[in-house]
Amino acid sequence: MTASTERRGVTLSLSHEEQWLLHHLMLDRMELEARSPETDPPSMDVYRIFDKLEAGTHWFTRQECRRLRDELDRYVDARDTPDRDRPTARRLLDRLDGEGTPRGSISHAGP
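Counting in full-length UniProt numbering, the sequence shown runs from 1 upward without gaps.
Here you go:
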């Protein structure tokens, strides 16, 4: 993927619940690194995503979307994920994958 392609991204229309879930996932990923020296540190994408969510920004590069997808995949499959969070995480995965995406919830444009 070229640098110009990588700069392109998506703007996600996120409900409060979805935004909270993504924020929670990124924070957990950063805390996991801090608690466990054996764990690979998260990529800079995790920190950028966290900062964007903190600032209320919902535009993500394609690389950041891949990171979101990876973290959501782990979360959905984790034994300790609360049942109440699974549907929200699956909806976000579907939207990131472009499956079942309600019209207008993802737009392919720059910031």
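Where a beta carbon is used, it is the ideal one built from N, C-alpha and C, also for glycine. Every value quoted in this text rests on a predicted model; they were computed, and no experiment measured them.
Cα atoms of E64 and L93: separation of roughly 13 Å, rounded to the nearest angstrom. Taking 8 Å as the cut-off, the beta carbon of L68 is found closer than this to the beta carbon of I49.
Here L12 is buried. Its C-beta has 16 or more other C-beta atoms within 10 Å. Put simply, the backbone Cα of R91 is about 25 Å away from that of L32. Runs of the beta strand (DSSP E) lying entirely within the segment 15-75 and spanning at least 3 residues, in chain order: 59-61. Under the DSSP assignment, T88 falls in the alpha helix (DSSP H) whose first and last residues are 86-97. Contact between L21 and D85 holds, with the beta-carbon distance rounding to 6 Å and staying under 8 Å.
The C-beta distance from W59 to G9 rounds to 6 Å, short enough to fall under 8 Å.
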